[in-house]
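Numbered according to mature numbering (1 follows the signal peptide of the UniProt record, and there is no 0), the sequence shown spans residues -20 to -1, 1 to 289. Structure record follows, encoded as structure tokens.
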Amino acid sequence: MGNTIVLLTPLLHGLVKLAGLTPQTIEIEPGTMMNIWVPKETVTKHDQNIVYVPPTKPAVLLLHSFAMDGIFTWFLQVFALTHEYAVYIPDFLFFGGSITDRNERTANFQAEFVAKGLGKLNVEKVTLVGLSYGGMIGFKMAKMYPNLVKSMVVSGTVVELTESISLDSYKRLGLMRWSDLLMPKTVEGLKMMFSIGFHKVPWVPDFVYRDLLETMFSNRKERNELLEALVVSDEDATSYTNYPQEIHMVWGDDDKIFDLDLATTMKTRLGDKASLEWIKDAGHLVPLEQPFKYNKRLKCILERVTKYQ
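In structure tokens, the structure reads:
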């Protein structure tokens, strides 16, 4: 029997294509390539060359978590959104098919990478939806590219991952570093990651865990470097909270990594343009664990914030 994840991936991609998205590989610069799913109606040909046209529907950018690539993080949202929105789902560098030969590993570099990709796709403004790591990159994009990011919806994330936030999480979760959680090397480590990421983990046979471990944690050296670069000292942390965008925080009420107390503190720091709501019986990976409840909240927010885009 083959690897179940390898066998299921084409089926998953086929379903996403049925929803109207198509995968594209874009050269951001020599040596740096982005894999991104885009609305198929935005991909045209002129003289045998691919030309990307601006979306005619409001653009929604979905930024994935550190544990999975774009489609594995967001496939439960694709069908809920593609009828009314132009959905873009990139893979960050060293996830999916996105690669670079440059040595930069910072969150700023990932933010620049995504923004440049959207520019090549002729996307001028987006509502950014970020989960966990994707939310952290989203905050960087919102600060660096305020004309591109018009509003945000984030879950299970922080504005910046400081040493103090990290040390508090390490203490509560029994970790020495983030890679202990996010780059598991054994089936038991992967089970721990899911038990922390979810409110209640559904039963999964061990062979599926083994298959996940084999297929979803490539580029280990580079991803570990991303995690190291993500944590900033409290002294170097930015005090910037003056975001021009509306920021909507949708949390799992049982987020074991960044709990509701932290989310409430973050909302207070972000000010009047931030809102916070939470979903019952959901953990850190709320879009995966409670997709129907999450999609309902997300669609209500998107309907309002994209009304005049």
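Using N, Cα and C, we set each Cβ at its ideal position, and we do this for glycine too.
Q.
Applying the 10 Å Cβ sphere with the 16-neighbour rule, what's the burial state of Gln15?
A. Within the sequence shown, the letter at position 35 stands for residue 15. Residue identity check: residue 15 is Asn in the sequence provided, not Gln. The residue is buried, with at least 16 neighbouring Cβ atoms inside 10 Å.
Q) In whole angstroms, what separates the C-alpha of Ser198 from that of Pro185? A) Walking along the sequence shown from the start, residue 198 turns up at place 218. Walking along the sequence shown from the start, residue 185 turns up at place 205. Ser198 and Pro185: Cα-Cα distance of roughly 22 Å.
Q | Local conformation of His(-8) per DSSP, three classes | A | Translated into the one-based positions of the sequence shown, residue -8 becomes position 13. In the structure shown, His(-8) sits in a helix (DSSP, three-state: H, G or I).
Q. Any idea which residues DSSP pairs Glu9 with across the strands?
A. Taking the sequence shown and counting its residues from 1, one reaches residue 9 at position 29. BP columns for Glu9 point to Thr12.
Q.
Bridge partners for Ile79 per DSSP, in chain order?
A. In the sequence shown, residue 79 corresponds to position 99, counting from 1. According to DSSP, Ile79 bridges with Met13.
Q. Among Val188, Ile69, Gly97 and Gly114, which residue has its Cα nearest to the Cα of Gly(-1)?
A. Within the sequence shown, residue -1 is the residue found at index 20, counting from 1. Nearest option by C-alpha distance: Ile69.
Q: Output the boundary residues of the beta strand (DSSP E) element that contains Tyr32.
A: Here residue 32 corresponds to residue number 52 of the sequence shown, with the count starting at 1. Its beta strand (DSSP E) spans residues Asn29 to Tyr32.
Q. If we ignore side chains and look at the alpha-carbon of each, how far apart do Leu155 and Lys20 end up?
A. Numbered from 1 along the sequence shown, position 175 holds the residue referred to as residue 155. Numbered from 1 along the sequence shown, position 40 holds the residue referred to as residue 20. Spanning the two alpha carbons is a distance of roughly 43 Å.
Q) What did DSSP end up calling Lys130 once you bin it into helix, strand or coil? A) Here residue 130 refers to the residue found at position 150 of the sequence shown. Residue state, collapsed to three classes: strand.
Q | Rounded Cβ spacing between Lys96 and Ile8 (contact assumed at less than 8 Å) | A | Start at 1 with the first residue of the sequence shown, and residue 96 comes out as number 116. Start at 1 with the first residue of the sequence shown, and residue 8 comes out as number 28. That pair is a contact at about 5 Å.
Q) Would you say the stretch 234 to 250 touches the stretch 199 to 208, given that touching needs at least three Cβ pairs under 8 Å? A) Contact fails between the stretch 234 to 250 and the stretch 199 to 208, because fewer than three Cβ pairs, one in each stretch, are under 8 Å apart.
**Q.** Any 3 or more C-beta pairs closer than 8 Å across the stretch 246 to 253 and the stretch 212 to 232
**A.** yes
**Q.** Which residues DSSP lists as bridging Val106, in chain order
**A.** In the sequence shown, residue 106 corresponds to position 126, counting from 1. Val106 pairs with Val129.
Q. Residues bridged to His26 by DSSP?
A. Position 46 of the sequence shown, counted from the start, is the residue given in the question as residue 26. According to DSSP, which records beta bridges pairwise, His26 is partnered with Asn29.
Q. Just checking, does the stretch 108 to 116 make contact with the stretch 44 to 63 on the three C-beta pairs under 8 Å criterion?
A. yes
Q. Mind checking whether Pro126 and Thr286 have CB atoms under 7 Å apart?
A. Taking the sequence shown and counting its residues from 1, the one referred to as residue 126 is at position 146. Taking the sequence shown and counting its residues from 1, the one referred to as residue 286 is at position 306. 7 Å or more divides the Cβ of Pro126 from the Cβ of Thr286.
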